[in-house]
Amino acid sequence: MNIENTKAQMRKGVLEYCILSILARQEAYPSDIIAQLKDAKLIVVEGTLYPLLTRLKNAGLLGYRWEESKSGPPRKYYKLTEVGEKFLKELDLTWEELVNAVNTTTAKK
Amino acid sequence: MNKTVAANISGIIFNIEELAYEKLGQYLNTIKGYFKNSEGGDEIMIDIEARIAELFQERVSDNKQVITLADVEEVIAIMGQPEEYLDEEATEQQDSSNRNKEAHSTTSSGESKQIFRDPDSNILGGVCSGVSQYFGFDPLWLRLLFVILFFFFGTGVLLYIILWIIIPEAKTTADKLKMRGEPVNVDNIRKNVKERFEDATDIDTKQATDKAKNAIEQIFDYFKKFITAFFQVFGKLIGVAFIAAGAFAIFILINLFMGNDAIIAVTDHGLQLFSYSEYASLIFASSEQETMALIGIITAVGIPIVSLFLAGIKLLLDIKTNLRMVGIALFVLWIGGLVLCGTVGIQLGKEFTNDAEVTEVLAIEQPVGDTLMLDIMDDVHFSNHFRNHHEYFIELTKIERKETHFGFPFLDIREQPSDSVFTIEVRRMSHGRTQKEAINRAENIRYDWNQSDSLLTFSPFFSIDNDEKFRGQHIEIIVRVPEGKAVHLSDRMDRIIYDIGNVTRTRDRRMTGKTWTMTDKGLECIDCDL
């Protein structure tokens, strides 16, 4: 059993949930999202975000629009779609259940 | 002082130190390789490159205009290696092919060149620019070639569209870096193959020490590498052959059916020139049917040729693009072409369902002696060279402006059953959609013969008007000889006589120049040396 692998697996599951939560609050472009995720110590390298965003977008959970940038290439501003909002609500419930489950099981130890 | 390279990343030009540029290229290639097979891989690359451009932008100012190796390393550290990405699909991929990939990427990530359409220096789709970069020559020559080919019935257009479809566009900087790698020429292929061999032995020895791998697997690995290297070179050669054959066939096909030019048919008598369009109007019932047949034939024959050409280009340029949709589309079109051909074929078949024979018995002036002389007129349309047979339909058909001549009338000599005079029967035959049509077509056949004293001369061809269609029209002339009388066949008669029965079973070819008497058993030769 590889500890790094287990840690990565745990973080991975939470990551999508967090990205959706960030975008539920407001529209954001990747650098914004990265900054928040980095603050929360959820990701180490920025590259992680891009495949995830593309995958969530292709799954219909996210939409985006282009905006010109003064200091670089045009930016993609992502936001939740209706499907994404429903998806997130379900995740919210699941997350609560998980937290409860983890709390009760680990407390007994 | 360091040399710098100008690079376009996400539409912004950066001056990058040469070493830094190489490092960046390798990094982008690694990521690209990682997402190659995953859905939306191109998009991910574009996004990542846009972010890199943004990070570079933060690192240049009026005082510092060049991206250094340190900058690139910093940005790579921020973006991270793909192995560090917490991405499901990519991680799975990595797990499955972990060892191989790492071993391989160290040697081949920087050098493998791929063909792309170049969107930066394009005139149309960037095909010429991309292809010439792949082989390392000036795109001007290729563009010139396409323009010249355009005048050969638009061959150039077709070719260009094919290439446009199968060569992917260089969308990302990683693509562009691969596009600009070392040109693919014989020297570099050889170098590449050599390196691959060394690489193969390298991996084997490494793995042998790393893990006690059994010998059979090692040999198998080495064998696999050898086959790969072999096919890399061999595949390109096959590719060139396919392209040459395909291009030639496309050219011929377009020439054949689109142009008014004579085309070439290979026959027993060497190369014959004939024009498809002339024959088409002689055979097809209407211009609509002719168009249907043309489209049908071109798709049914053309699509396999185009596919061959496509396969050749894919092999030569080592294009990995999946062309399944194009393949399906071509297949459907091809089936459509076959159906069209079949439909026209059935329609034409119906035109031949009824047949008619119109016989005309003609009295002739009886010869003074007992012998009738038979000869043919000068063959103005067909050289005497040809034997008289349906097989030589193409050689023995001559289409003129108003009428068409067919050089295969048959002449037979038979016994006159009741009477004691010579007669001639002209049998006109034709097929048609209805019995009436068949009779009508048969009656419209023109045939010429004449008599002067005891000499009968026959035309070596019969004719129809061009507003008639060819429906198997045919002419048979029967010379009726009463018992006890004789005919003399001139030397030239073998042009039209066909399977004349005789007592000695002498063949047509040997019957000429001789005199034959009709006996109660059949024709007998008088002056043969037996």
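In the order they appear, the protein sequences are chains V and G. For the first sequence, the positions run 1 to 109 when this note's numbering is used. For the second sequence, the positions run 1001 to 1530 when this note's numbering is used. Don't be surprised by glycine CBs; every beta carbon is placed ideally from N, CA and C.
Cβ-based burial, residue i [other Cβ within 10 Å; buried from 16]
{"i": "residue 1061 of chain G", "result": "exposed"}
{"i": "residue 1337 of chain G", "result": "buried"}
{"i": "residue 1090 of chain G", "result": "Its pLDDT being 45, under 50, residue 1090 of chain G is placed unreliably in this model, and the coordinates cannot settle the point."}
{"i": "residue 105 of chain V", "result": "exposed"}
{"i": "residue 74 of chain V", "result": "exposed"}
{"i": "residue 1435 of chain G", "result": "exposed"}
{"i": "residue 1380 of chain G", "result": "exposed"}
{"i": "residue 35 of chain V", "result": "exposed"}
{"i": "residue 1154 of chain G", "result": "exposed"}
{"i": "residue 1223 of chain G", "result": "exposed"}
{"i": "residue 1428 of chain G", "result": "buried"}
{"i": "residue 1071 of chain G", "result": "buried"}
{"i": "residue 10 of chain V", "result": "exposed"}
C-beta neighbour in chain G for residue i, strict 7 angstroms
{"i": "residue 64 of chain V", "result": "no"}
{"i": "residue 84 of chain V", "result": "no"}
{"i": "residue 46 of chain V", "result": "yes"}
{"i": "residue 10 of chain V", "result": "no"}
{"i": "residue 58 of chain V", "result": "yes"}
{"i": "residue 6 of chain V", "result": "no"}
{"i": "residue 54 of chain V", "result": "yes"}
Beta-carbon separation (whole angstroms), residue i vs residue j, contact threshold 8 angstroms
{"i": "residue 102 of chain V", "j": "residue 1084 of chain G", "result": "That pair is no contact at about 26 angstroms."}
{"i": "residue 1066 of chain G", "j": "residue 1008 of chain G", "result": "Actually they are not in contact, since the Cβ atoms of residue 1066 of chain G and residue 1008 of chain G sit about 15 angstroms apart, beyond 8 angstroms."}
{"i": "residue 30 of chain V", "j": "residue 15 of chain V", "result": "No, residue 30 of chain V and residue 15 of chain V are not in contact; Cβ-Cβ is about 14 angstroms, not under 8 angstroms."}
{"i": "residue 64 of chain V", "j": "residue 50 of chain V", "result": "Their Cβ separation, rounded to whole angstroms, is 12 angstroms, which puts residue 64 of chain V and residue 50 of chain V out of contact at 8 angstroms."}
{"i": "residue 1507 of chain G", "j": "residue 1375 of chain G", "result": "With 8 angstroms as the limit, residue 1507 of chain G and residue 1375 of chain G do not qualify as a contact, their Cβ atoms being about 20 angstroms apart."}
{"i": "residue 1171 of chain G", "j": "residue 1297 of chain G", "result": "Rounded, the Cβ-Cβ distance is 39 angstroms, inconsistent with contact."}
{"i": "residue 1402 of chain G", "j": "residue 1465 of chain G", "result": "7 angstroms"}
{"i": "residue 1162 of chain G", "j": "residue 1310 of chain G", "result": "6 angstroms"}
{"i": "residue 1372 of chain G", "j": "residue 1422 of chain G", "result": "5 angstroms"}
{"i": "residue 1512 of chain G", "j": "residue 1489 of chain G", "result": "5 angstroms"}
For residue j and residue i, the rounded distance between their alpha carbons
{"i": "residue 1318 of chain G", "j": "residue 1233 of chain G", "result": "11 angstroms"}
{"i": "residue 1461 of chain G", "j": "residue 1407 of chain G", "result": "4 angstroms"}
{"i": "residue 1240 of chain G", "j": "residue 1312 of chain G", "result": "6 angstroms"}
{"i": "residue 32 of chain V", "j": "residue 1076 of chain G", "result": "19 angstroms"}
{"i": "residue 1081 of chain G", "j": "residue 95 of chain V", "result": "30 angstroms"}
{"i": "residue 1094 of chain G", "j": "residue 1303 of chain G", "result": "Its pLDDT being 44, under 50, residue 1094 of chain G is placed unreliably in this model, and the value from its coordinates should be taken loosely. Spanning the two alpha carbons is a distance of roughly 40 angstroms."}
{"i": "residue 1041 of chain G", "j": "residue 1143 of chain G", "result": "32 angstroms"}
{"i": "residue 1426 of chain G", "j": "residue 1282 of chain G", "result": "24 angstroms"}
{"i": "residue 1528 of chain G", "j": "residue 1484 of chain G", "result": "17 angstroms"}
{"i": "residue 26 of chain V", "j": "residue 99 of chain V", "result": "25 angstroms"}
{"i": "residue 1439 of chain G", "j": "residue 1247 of chain G", "result": "47 angstroms"}
{"i": "residue 1027 of chain G", "j": "residue 1254 of chain G", "result": "47 angstroms"}
{"i": "residue 1495 of chain G", "j": "residue 1284 of chain G", "result": "30 angstroms"}
{"i": "residue 1325 of chain G", "j": "residue 91 of chain V", "result": "38 angstroms"}
{"i": "residue 1022 of chain G", "j": "residue 1315 of chain G", "result": "28 angstroms"}
{"i": "residue 1005 of chain G", "j": "residue 81 of chain V", "result": "42 angstroms"}
{"i": "residue 1141 of chain G", "j": "residue 1353 of chain G", "result": "57 angstroms"}
{"i": "residue 1451 of chain G", "j": "residue 1364 of chain G", "result": "8 angstroms"}
{"i": "residue 1340 of chain G", "j": "residue 1242 of chain G", "result": "27 angstroms"}
{"i": "residue 1525 of chain G", "j": "residue 1514 of chain G", "result": "7 angstroms"}
{"i": "residue 46 of chain V", "j": "residue 1156 of chain G", "result": "46 angstroms"}
{"i": "residue 1531 of chain G", "j": "residue 1343 of chain G", "result": "Absent from the model: residue 1531 of chain G. The displayed extent of chain G is 1001 to 1530, so no value can be given."}
{"i": "residue 1357 of chain G", "j": "residue 1476 of chain G", "result": "10 angstroms"}
{"i": "residue 1459 of chain G", "j": "residue 1503 of chain G", "result": "27 angstroms"}
Where residue i meets chain V, residues with beta-carbon distance less than 8 angstroms
{"i": "residue 1035 of chain G", "result": "51"}
{"i": "residue 1085 of chain G", "result": "45, 47, 48, 51"}
{"i": "residue 1082 of chain G", "result": "47"}
{"i": "residue 1026 of chain G", "result": "Neighbours of residue 1026 of chain G on chain V: none; closest Cβ ~15 angstroms, over 8 angstroms."}
Amino acids of chain V, ordered along the chain, whose beta-carbon sits closer than 7 angstroms to that of residue i
{"i": "residue 1010 of chain G", "result": "73"}
{"i": "residue 1050 of chain G", "result": "73"}
{"i": "residue 1065 of chain G", "result": "The premise fails here: residue 1065 of chain G is roughly 15 angstroms from chain V at the closest Cβ pair, so nothing lies under 7 angstroms."}
Any chain V beta carbon closer than 7 angstroms to residue i
{"i": "residue 1040 of chain G", "result": "yes"}
{"i": "residue 1074 of chain G", "result": "no"}
{"i": "residue 1047 of chain G", "result": "yes"}
{"i": "residue 1016 of chain G", "result": "no"}
{"i": "residue 1044 of chain G", "result": "yes"}
{"i": "residue 1079 of chain G", "result": "yes"}
{"i": "residue 1057 of chain G", "result": "yes"}
Listed by chain order, chain G residues near residue i by CB distance under 8 angstroms
{"i": "residue 31 of chain V", "result": "1051, 1054"}
C-beta neighbour in chain B for residue i, strict 7 angstroms
{"i": "residue 1347 of chain G", "result": "The displayed structure is made up of protein chains V and G, and chain B is not among them."}
Under 9 angstroms by beta carbon: chain G residues contacting residue i
{"i": "residue 76 of chain V", "result": "1047, 1050"}
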